[in-house]
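**Student:** Below: one structure in structure tokens.
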Amino acid sequence: MSQLLLDVNALTMRFGGLVAVNGVNLKVKNRQIVSIIGPNGAGKTTVFNCLSGFYIPTSGSVMFKNEQIAGLKDFQISRKGLVRTFQHVRLFSNMTVVENMLVAQHRHLNTNLFSGLFKTPSYRRKEHEAMDHAAQWLEEVGLLDVANRQAGNLSYGQQRRLEIARCMVTQPELLLLDEPAAGLNPNETKELDELIIKLRDEHEISIVLIEHDMSLVMGISDHIYVIAQGTPLADGSPDEIKNNPDVIKAYLGED
Amino acid sequence: MQGKLYNALFASGIALILTCLMVGIKLDTEGTQLAIKGATTQQWLWIGLGIGLVFLSQIFSDQIDSAFSKVPKPQLSKLLPEEKKMSVLKPWLIALLVVVMLIWPFMVSRGSVDLATLALIYIMLGLGLNIVVGLAGLLDLGFVAFYAVGAYTYALLSEYFGMSFWACLPISAGLAALFGFVLGFPVLRLRGDYLAIVTLGFGEIIRILLNNWTAVTGGPNGISGIAKPTLFGLEFSRRAKEEGNIPFHEFFGIDYSSSYKVIFLYLIAVILTIFVIYVINRLIRMPVGRAWEALREDEIACRSLGLNRTVIKLSAFTLGASTAGFAGAFFAARQGFISPESFIFIESAIILAIVVLGGMGSQVGVILAAIIMTILPELAREFSEYRMLLFGLLMVIMMRWRPQGLVPMKRPHLELNR
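Going down the list, the protein sequences come from chains A and B. Each residue of the first sequence is one higher than the last, beginning at 50 in our numbering. Each residue of the second sequence is one higher than the last, beginning at 3 in our numbering.
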């Protein structure tokens with residue numbers, strides 16, 4: 050059994066009297082695609098917000114690479130290699146595609162003021178490297194042709210892919226994707242499906258996926274967690290989940 | 003139609019109340035007492051005419067709007083040659099502009115050179131605030147505080163320690179930056195209106211502190227006799243103030259002229275402004291400039307990508323403040339006298355107006371707006387007390403005609419060359 054990359058135990062998030070997430074456990078191994086599914090409003094995105102530091106969980110532990118990250122600031126967590134996307138695309142739409150990629154590499158660049166003012170060799174080299182790195186990932190997601198276009202002018206599918214590429218240039222080890230297939234047509238969903246598998250197999254990262262598109266989830270997940278009303282309902286392989294009576298009940302209602 | 007009539011009545015009613023109070027009634031001394039006097043019949047006629055105009059302009063606002071939209075807007079992009087030609091021409095144009103700026107003061111009157119120097123100070127201030135408001139999107143209403151810090155730093159160091167202008171220039175910028183840092187640290191968690199109010203308060207705190215700390219700053223009397231900048235130790239006065247110093251005109255064996263000093267100050271301002279423009283031009287192309295832009299566009303996305311928003315906002319705030327400190331030190335040197343009066347809120351408002359009029363984030367726009375805003379009041383001097391009224395009218399027209407500013411921002415886009 051490979052080592053656990055992410056180990057979430059009894060994660061609970063309370064907003065006043067409302068318990069949005071109640072005792073959720075989540076285990077992600079290296080090079081694994083794990084999905085979280087559940088009805089709308091089940092608290093899936095809240096789990097993501099807790100993991101990525103946008104919320105500080107009320108209780109529970111979040112171990113990432115054997116290190117407690119619950120309570121760290123969002124940017125600290127993303128620097129450790131846990132990066133997320135959003136349900137609604139969040140690009141810097143007035144900037145070009147390649148600039149979006151460069152902003153993501155901000156902390157890898159030479160941000161010393163003086164070396165930037167005088168364009169020192171080390172500054173230029175870093176900028177070059179960042180450009181190359183950006184180009185490499187744009188090629189990977191098939192956006193190299195539109196690299197100099199404004200991000201806001203891309204098609205929706207392209208924007209989705211740019212968002213993933215932008216996460217990937219930060220060199221993460223775990224990627225949290227929040228409904229990446231929402232609003233995509235079947236063709237684009239298929240491309241996304243292939244991209245996610247490529248990320249796992251070729252780039253050796255793990256992915257946690259929130260998704261409503263069941264064919265996508267069942268097709269690519271190594272493990273699935275089901276959450277309903279903030280509480281864990283079931284977990285297991287896609288086949289186990291498909292045949293779990295509790296899950297069917299939660300999705301289809303009691304007959 | 004009824005709504006329009008109501009609107010027009012309301013607007014003209016407000017105009018009536020305001021003009022009656024401000025123009026219609028005058029306080030006059032009558033012997034030892036103050037008496038209230040009404041305006042002359044002619045003035046009342048004008049007031050009536052003005053109110054009528056307000057009424058009509060409200061009634062026909064749609065027609066006026068459509069007339070405005072027909073006024074051709076200056077298309078800068080059409081005036082400029084094509085992009086490829088432009089990249090060849092640009093260095094030459096800039097060189098020409100610099101040469102003209104350097105030669106020009108020797109041919110015009112002293113007053114114009116002095117005015118140009120003032121315009122350059124406002125250009126520096128506008129560019130500094132442009133970093134904070136235009137690029138990083140943080141509304142700062144107390145920008146004048148950093149200007150004051152810079153000015154007082156030089157004035158005090160010069161008065162108490164006899165330090166020279168050139169040594170104080172970086173110190174002033176540094177100290178203003180420090181103040182920006184200290185203020186920025188706690189308040190940059192705030193957003194929008196809240197940030198604006200805190201910075202407004204900070205601006206006032208600095209002014210009141212300067213006003214009341216009489217022992218050091220001289221309070222409302224200010225500091226006078228601040229040393230002028232020297233050219234490698236050469237003074238620009240008729241006789242050297244310090245023992246052993248030689249005035250500029252004696253050193254070169256030419257006749258004394260007071261305009262040398264004015265031109266010298268102007269040239270310093272030109273150099274400082276070019277320096278500021280260069281630095282900011284580099285900044286917006288650097289990672290930190292991109293991060294400002296990104297943060298303004300989507301803060302949440304920035305956080306998820308590992309950008310520390312506090313550091314990035316703080317850098318914008320600090321760099322903007324240091325530019326103001328720079329301008330402040332020069333201002334103190336030029337005036338030779340500063341008092342808290344020079345750093346009131348209206349100054350902050352004018353600098354902000356420069357940034358907004360010019361087009362947020364646009365450097366060319368801010369420079370143009372700064373020139374217009376300094377020269378216009380001079381041109382409108384003959385309107386004396388109605389000057390501000392004219393100023394307000396111009397602003398209203400400007401915002402209706404071109405709400406995105408004189409020259410809307412066009413950011414230098416980074417291109418991937420393959």
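Quick reminder that beta carbons are idealized off the backbone N, C-alpha and C, glycines included.
#1: Please return the same chain residues whose Cβ sits closer than 7 Å to the Cβ of Ser174(B), not counting the five positions on each side in sequence.
#2: Taking only beta-carbon positions, decide if Ser306(B) is within less than 7 Å of chain A.
#3: Determine, using beta carbons only, whether Ala230(A) comes closer than 7 Å to chain E.
#4: For the putative contact between Lys175(A) and Asn149(A), defined by C-beta atoms under 8 Å, what is the C-beta separation to the nearest angstrom?
#5: Classify Met50(A) as helix, strand or coil using the three-state DSSP reduction.
#6: Go through its chain and collect everything with a Cβ distance to Val146(B)'s Cβ below 6 Å, but skip five positions before and after it.
#7: Listing by chain order, which chain A residues have their CB less than 7 Å from the CB of Asn310(B)?
#8: Use the C-beta contact count for Met62(A): other C-beta atoms within 10 angstroms, 16 or more gives buried, fewer gives exposed.
#9: Output yes if chain B places a C-beta closer than 7 Å to the C-beta of Met50(A); else output no.
#10: Along chain A, which residues have their Cβ under 8 Å away from the Cβ of Ala303(B)?
#11: Run through DSSP, which three-state label would Asn292(A) get?
#12: Go to Gln337(B), then tell me how far its alpha helix (DSSP H) extends in each direction, as first and last residue.
#13: Can you say whether Thr232(B) is buried or exposed, counting buried as having 16 or more other CB atoms within 10 angstroms of its CB?
#14: May I ask you to check if the CB of Val96(A) is nearer than 6 Å to at least one heavy atom of the ligand MG?
#15: Give the single residue among Glu228(A), Gln154(A), Ala91(A) whose Cα lies nearest to the Cα of Pro221(A).
#16: Which chain B residues sit within Cβ distance under 7 Å of Ala153(A)?
#17: Would you kindly work out how many angstroms separate the C-alpha atoms of Ser166(B) and Gly102(A), rounded to a whole number?
#18: How do the region 288-300 of chain A and the region 127-135 of chain A stand: do at least 3 beta-carbon pairs fall below 8 Å, yes or no?
#19: Output needed for Leu121(A): all residues of its chain with C-beta closer than 6 Å, excluding positions within five of it in sequence on either side, in chain order.
#20: Whose C-beta lies closer than 8 Å to the C-beta of Met397(B) among residues of the same chain, with five residues either side of it excluded?
#21: Among Arg80(A), Val73(A), Gln81(A), Cys99(A), which has the Cα closest to the Cα of Gly87(A)?
#22: What residue range is occupied by the uninterrupted alpha helix (DSSP H) comprising Thr238(A)?
#23: Which residues, in chain order, does the region 264-296 of chain B contribute to contact with chain A at a C-beta distance below 7 Å?
#24: Tell me, please, which residues DSSP counts as bridged to Gly285(A).
#25: Can you look up Asn71(A) in the DSSP assignment and give me helix, strand or coil?
#26: Who are the neighbours of Thr219(A) on chain B, taking C-beta pairs under 7 Å?
#27: Helix, strand or coil: which one does DSSP assign to Phe187(B)?
#28: Would a C-beta distance cut-off of 7 Å place Arg209(B) and Pro342(B) closer than the cut-off?
#29: Could you name the residues of chain A that Asp300(B) contacts, counting a contact when the two beta carbons are closer than 7 Å?
#30: Any contact of the region 303-318 of chain B with the region 130-143 of chain B, i.e. 3+ C-beta pairs under 8 Å?
#31: With a cut-off of 7 Å, does the C-beta of Leu416(B) fall near any C-beta of chain A?
#32: Based on DSSP bridge pairs, tell me the residues matched to Arg224(A).
#33: Which residues in the same chain have their Cβ closer than 7 Å to the Cβ of Ala323(B), if we skip the five residues on either side of it in sequence?
#34: Starting from the N-terminal side, write out each stretch of the alpha helix (DSSP H) that is 4 residues or longer and does not extend beyond the region 93-145 of chain A.
#35: Determine the direct distance from the alpha carbon of Leu223(A) to that of Met50(A), and round the result to whole angstroms.
#36: Looking at the strands, I want to know which residues DSSP matches up with Gly40(B).
**Tutor:** With the given structure in hand:
#1: Gly152, Thr155, Tyr156, Gly327, Phe328, Gly330, Ala331
#2: yes
#3: Included in the structure are the protein chains A and B, with no chain E among them.
#4: No, Lys175(A) and Asn149(A) are not in contact; Cβ-Cβ is about 18 Å, not under 8 Å.
#5: At Met50(A), the pLDDT of 43 sits below 50, so the modelled position is not reliable; the number obtained from the coordinates is stated separately. Note: Met50(A) maps to coil in three-state DSSP.
#6: Within the same chain, Val146(B) has close Cβ partners Gly205, Phe345, Glu349, Ser350.
#7: Phe124
#8: buried
#9: Interpretation of Met50(A) is limited by its pLDDT of 43, a score under 50 that renders its predicted location unreliable; the figure taken from the coordinates is listed afterwards. No, Met50(A) lies away from the interface with chain B (no Cβ there is under 7 Å from its Cβ).
#10: Phe135, Arg139, Leu140, Phe141
#11: It is coil, neither helix nor strand.
#12: 311-337
#13: buried
#14: With respect to the ligand MG, the structure shown offers nothing to examine, as it has no ligands at all.
#15: Gln154(A)
#16: Leu307
#17: Straight-line measurement puts the Cα of Gly102(A) at about 51 Å from the Cα of Ser166(B).
#18: no
#19: Gly102
#20: Ala355, Leu359
#21: Val73(A)
#22: 235-250
#23: For the region 264-296 of chain B, the beta-carbon criterion of a distance under 7 Å to any beta-carbon of chain A is satisfied by Val281, Arg284, Met288, Pro289, Val290, Arg292, Ala293, Glu295, Ala296.
#24: Per DSSP, Ile273(A).
#25: strand
#26: Under the 7 Å cutoff, chain B gives Leu307, Gly308.
#27: The answer is helix: DSSP assigns Phe187(B) an H, G or I state.
#28: yes
#29: Neighbourhood of Asp300(B) in chain A, by CB distance below 7 Å: Arg139, Phe141, in chain order.
#30: yes
#31: yes
#32: In the sequence as displayed, the identity of residue 224(A) is Leu instead of Arg. Paired residue(s): Val132(A), Ile256(A).
#33: Phe148, Ala178, Ala179, Phe181, Gly182
#34: 93-100, 123-129
#35: In this prediction, Met50(A) has a pLDDT of 43, which is less than 50 and means its spatial position is unreliable; nothing more can be read from the coordinates.
#36: Ile27(B)
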